[in-house]
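Shown next, in structure tokens, is the structure this report addresses.
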Amino acid sequence: MKQTSHFNAIQILGIMLSGLGLICVAFPTFVGLFAVRAITFLFLILGFYSLVFALFVKSKLTILVSFSILVVGLYAFINPQYVLFMLGIGCFILGLNGIFLTFSKFKKQSESTLISSIALMLLGVFAMLNTKAALSSVIMILGIIIVFVGIMLIFVGKTLPFTNRTQRKTGPFVFTFSSTFSPQEPKPEPKPNNRVIINIDDDDVEEIDFKDVD
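What the sequence shown shows, in our numbering, is residues 79 to 292, in sequence order.
Dropping the structure here:
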């Protein structure tokens, strides 16, 4: 007997995420550069449309901002490592700011903030010193996380009830929304219609058959 396996939507999503995560783990540099170039390409399109709109409006400030977006986007598209270098500077500044805030108002609840700030600073320094290796490391870590999320979704989807499998075991069923869909009971046979005539004068009762008149 041939057995067929079926997956629900959650399991399919988990399989897709697991595949995407494995691609990120297997080719971290390629995926990272492709993602950076895709994002910078979107910025180029946005800058181009902004520049065209600014030329129609004749706003000098909008023209300057749009031109700056185009220049930065083009440079980042040609040199994707530049984007990660800027992100490294941002992570370092955010981590440094978090450390200052932690020591200015030191509480027990701020220990996690201190640890995350130090981690951000280290990640920022690593990204600034070796952009290509940092990009590969970030994509690889992200791919591992995506793989774990996909596996969790596959197991979660497996625990959900499968409607089609239940229908094959129990047989087809029909929901009854009103009495129209319910099985009709046999109508009782019509009884012969009789008419009774009572004579008021002599109290005699006469029974005659009733016939329809066309």
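Glycine residues also receive a C-beta, built at the ideal position from the N, C-alpha and C atoms. No experiment lies behind these values; they were computed from the predicted model shown.
In the DSSP annotation of this structure, Ser-137 is not part of any alpha helix (DSSP H), being labelled neither H nor E.
In the three-state DSSP reduction, Asn-157 falls in the coil class, being neither helix nor strand. One Cα belongs to Gln-159, the other to Gly-221, and the distance between them is close to 19 Å. The C-alpha of Lys-236 lies about 7 Å from the C-alpha of Gln-89. The Cβ neighbour count for Ser-190, taken over all protein chains shown within 10 Å, is under 16; the residue is labelled exposed. By the C-beta criterion, the stretch 150-158 is judged to be in contact with the stretch 108-127, since at least 3 inter-stretch pairs fall below 8 Å.
Counting C-beta pairs with one atom in each stretch, the stretch 222-231 and the stretch 105-116 have fewer than three that are closer than 8 Å, which means they do not touch.
Counting only the Cα atoms, His-84 lies some 47 Å from Leu-172. Residue environment: Val-161 is assigned as buried (16 or more neighbouring CB atoms within 10 Å of its CB, all protein chains considered). Rounded to whole angstroms, the gap between the alpha carbons of Leu-207 and Ser-214 is 14 Å.
Comparing C-alpha distances from Met-218 to each of Gly-99, Ile-232, Leu-179 shows the shortest one belongs to Gly-99.
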